[in-house]
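Following our numbering, the numbering of the sequence shown begins with 481 at its first residue and continues without gaps. Built from N, CA and C at the ideal position, the CB exists for glycine as well. Below you'll find the structure, written out as structure tokens, and then a few comments.
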Amino acid sequence: MQQGTLMRKVKSKSWKKQRYFKLQEDCMTIWYQSKRTGKTESAFSISDVETVREGHQSEVLQSVAEEFPPERCFTIVFYGRRGNLDLIAGSAEEAQCWVQGLRQLIEPRSFPLIFSLASCTWIRDWFQKADKNKDGRMNFKEVQHLLKMMNVDMNEDHALRLFKDADKSESGTLEGEEFVLFYKALTQREEVLSLFREFSEDGKKLTLLELADFLREEQLEKEGTEELAMELIDKYEPSETARARHVLSADGFLMYLCSLEGSIFNPQHQALWQDMSQPLCHYFISSSHNTYLIEDQIRGHSSIEGYIRALKRGCRCLEVDCWDGPNGEPMVYHGHTFTSKIPFREVVSTLGKTSWGNSSSPLPLTGMSPPSSHPQSSAGSQRTRPMEVLGNSRRFPIPTPQELKHKILLKGKKIGRLEDTLDGPGDEVPDVSDDDNGAEAEEERRKAKVRGTQQGSALQKDKETVAQALSDCVIYCKNVPFQGFQEARSHSRPSEISSLSEAKARKLIRDEGNEFVRHNAWQLTRVYPSGMRTDSSNYTPQEMWNVGCQIVALNFQTAGMEMDLCDGLFSQNGCCGYVLKPPFMRDEETLFNPNDPSSREGPGPITLTIQVISGQQLPKVANSKEGAIIDPLVRVEIYGVPADQAHQETKYIENNGFNPHWDETLQFQLHVPELALIRFVVEDYDKTSRNDFVGQFTLAFANIKPGYRHIHLLSKDGTSIPPSSLFVHIRITE
């Protein structure tokens, strides 16, 4: 990592200022100062950095793409709503030095707790925040300030005793290893030590066989427990001597419990673990509504950043609303509103660069109706072709995600039939139907028949030709109006798709739940938010997933429970944006109706028992008063079919956000566990007003790992907040 590097900070095409950037000696802080004045402008902590993007992967850097090559450009992306920092280095080598260096510095946060107390970025961050006079030492007054920052309401005598025990040099201050000792004493986990001693004969170590017993009896590991125990010792035991003796110390035991293997989320399900050779309609697909908007629906800002953020979050169905713009150039924006506009070519360029970074799964694009000004070259470059046509069969088979890897699928209006695209023009009247406006579609058909073979002007012919080129790219997602399930069974094809407003979908769920499930077993359905949601709020996606709707579009820019559910469902299967539906939702003759859980074939209800044991280093509530300490409680929420919807919560613990202990047991009965999502929410109790959000974690029931597990909490924006976690014990019984 170079220090004192001169780079350009870019805010717009016309605003490019040279700044010196330097990594501080603590390897935790980067500051930058003006080249002209020499004054420090700003600084930020490495712990605030979410990721680093290379090249022109921001709207600002794309605007200067012709002036500066991608090899010299990179973007620092921060957690939360803080704006990106776009930089241009003096050379490609300099850019790589910063990119790789920053990535190495932020990498340790993937270990949620104390893998190496001396080197973890967050412990250095705490020291830096508490060291008010910046002398590299911490006196007792600064320690008291640290405790308040860390959400600890500790007796002063107890805090002084810990301080003196750690002050080995008897200097009245803590530095280096002394602070590590103090922090270790502060973070001692009695509940974990108690569990350790249960399985340790001498209370000091776990032998290979004792660890294997723990893995089999408590963690419910089924096979190869001795081999797994050996792997865990080699991976998490900090003492070389203990590793050589094949034993696990208490420190190593805690490291295992705080690791990915000790998480509530089954680590085997983080990779691509599901069958990807089923038709597209057999999957839930992570989907975004009006992806280009990063604010509200009426006057909000449109930006390619919306596409970049959605793709980074695992979204695989984006919306590109195209409209005729000035000088014949198509623009992307929310039509008939005051939102800003983006050139269509910028969106296409961004998708070309960022669509396959996190996933190779197919990428459906919605809103791609054929305005007259679509460039033919752009349309042609996105083309996908069908694999097979089976004679005159009503069923036109949809390919699988595996077959469509690295393919973009256009969902939109189509002129003519699919066979016409394959075999040449036919005699069918053009189908220019809109999402769910059957009356307008019928009127267009009537006008088309009246026109017959009449020819328009030469200009109109050219426009129709261009529109036809885009129409030809619509293969597997032809937009058709929804006119009832019986009509769809008689006349529709699997290559067609209908879009429903949330209100329309909700009515169908209530009145024809089983028919809806059957329909979604062979054809795609898209659900989108009500037009009344001008603030970009979201509906609850779970009720749409309960009937198998594949493309449930949400406003990704709006944080909240709805996006937590979306992130929770799609955090599995390699975050590829596709999750296979349960078998009973892939059968066209299924009897399943989410309103009647007894209609599900298979075993009876299961019981989920959750013992909420403790919490660790919970964050303070945003904008809270200085010195305020939270009163945390934990609420567990179940989302699924109506019969499974439930929530229970613990009591609140007064003035302890650092290491609260609840030791409370919550129990739930799940009738359709295959569709259930479990959301753990931590709140700051307030008896006079609404509780404040502290953190959450959501996952599908199928991804739960039973036993003693840590839950690593996420912020309101869905980003990690290390080292905040919950410690729980999970049991699942039939």
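1) Rank PRO1085, HIS769, SER492 and GLU678 by C-alpha distance to the C-alpha of ILE1212 and give the top, closest one.
2) GLY1198 to ALA545, Cα distance in whole Å?
3) If you check the beta carbons only, do VAL1004 and HIS769 fall under 8 Å apart?
4) Which same chain residues end up closer than 6 Å to GLN699 when comparing Cβ atoms and leaving out the 5 residues on each side of it in sequence?
5) Quick check on the DSSP output: the alpha helix (DSSP H) that includes VAL660 runs from which residue to which?
6) Please classify PRO1112 as buried or exposed, where buried requires at least 16 neighbouring CB atoms within 10 angstroms.
7) Which runs of the alpha helix (DSSP H) fall wholly inside the segment 530-554 and span at least 4 residues, in chain order?
8) When the Cα atoms are used, what is the spatial distance from CYS953 to LEU890?
9) If you count every other CB in all the chains shown that lies within 10 Å of the CB of THR531, and 16 or more means buried, which is it?
10) Does the Cβ of ARG641 have 16 or more other Cβ atoms within 10 Å, making it buried, or fewer, making it exposed?
11) Does DSSP put LYS929 in a helix, a strand or coil?
12) Between HIS816, SER841, VAL490 and GLN537, which has its C-alpha nearest ILE784's C-alpha?
13) Looking at the C-beta of LEU1034, does it have a partner C-beta in chain B at a distance below 8 Å?
14) Since I believe ARG669 is in contact with LEU627 (beta carbons under 8 Å), could you give me their beta-carbon distance rounded to a whole number of angstroms?
15) How would you call TRP495, buried or exposed, if buried means at least 16 neighbouring beta carbons within 10 angstroms?
16) Are the Cβ atoms of PHE679 and PHE694 separated by less than 8 Å?
17) Can you give the Cα-Cα distance for LYS1105 and MET629, rounded to whole angstroms?
18) If you follow the alpha helix (DSSP H) that ALA709 is in, where does it begin and where does it stop?
19) For LEU1155, count neighbouring C-beta atoms within 10 Å of its own C-beta (all shown protein chains included) and say buried if the count is 16 or more, exposed if not.
20) Identify which residue in GLU551, PHE501, GLY560 and PRO823 has its Cα closest to the Cα of MET811.
21) Assuming contact is defined by CB atoms lying nearer than 8 Å, are ILE1184 and ILE744 in contact in what I supplied?
22) Where does PRO1202 sit, in a helix, a strand or coil, going by DSSP?
23) State the CB to CB distance for the pair SER1010 and ALA983, rounded to an integer number of angstroms; the pair is presumed to be in contact (CB under 8 Å).
24) Among THR509, LYS491, LEU486 and LYS493, whose alpha-carbon lies nearest the alpha-carbon of ARG499?
25) Tell me whether ARG1014 is buried or exposed, calling it buried when 16 or more other Cβ atoms sit within 10 Å of its Cβ.
26) From LEU654 to ASN1139, what does the alpha carbon distance come to, in whole angstroms?
27) Let me know if PRO1203 comes out buried or exposed under the rule of 16 or more other beta-carbons within 10 Å of its beta-carbon.
28) Could you please give me the residues that DSSP links to TYR1188 through a beta bridge?
29) Can you tell me whether DSSP reads PHE818 as helix, strand or coil?
30) By DSSP's criteria, GLN1176 is part of a beta bridge. Which residues make up the other side?
31) Out of THR834, VAL490 and LYS1131, point me to the one whose CA is closest to ARG533's CA.
32) Which class does MET811 belong to by DSSP, given the choice of helix, strand or coil?
33) Quick one: grab the DSSP three-state call for ASP804.
34) Look up TYR1132 in the DSSP assignment and say whether it is helix, strand or coil.
35) Kindly indicate which three-state DSSP category GLN963 falls into: helix, strand or coil?
36) My output table needs one value for SER979: the three-state DSSP class, helix, strand or coil.
Reading off the structure:
1) PRO1085
2) 31 Å
3) Reading off the sequence shown, one finds Leu at residue 1004, where the question assumed Val. Cβ atoms of LEU1004 and HIS769: not closer than 8 Å.
4) GLY1187
5) 657-666
6) buried
7) 539-543
8) 7 Å
9) exposed
10) exposed
11) Because the pLDDT at LYS929 is just 41, under 50, the model does not fix this residue reliably, and the value given afterwards should be weighed accordingly. The answer is helix: DSSP assigns LYS929 an H, G or I state.
12) GLN537
13) Of the chains in the structure shown, none is chain B; there is only one protein chain.
14) So it is not a contact: roughly 17 Å between Cβ atoms.
15) exposed
16) yes
17) 11 Å
18) 705-716
19) buried
20) PRO823
21) yes
22) strand
23) 6 Å
24) LEU486
25) Arg is not the amino acid found at residue 1014; the sequence shown has Thr there. Exposed, since its Cβ has fewer than 16 Cβ neighbours within 10 Å.
26) 22 Å
27) buried
28) HIS1209
29) coil
30) VAL1161 and LEU1194
31) THR834
32) strand
33) strand
34) coil
35) coil
36) strand
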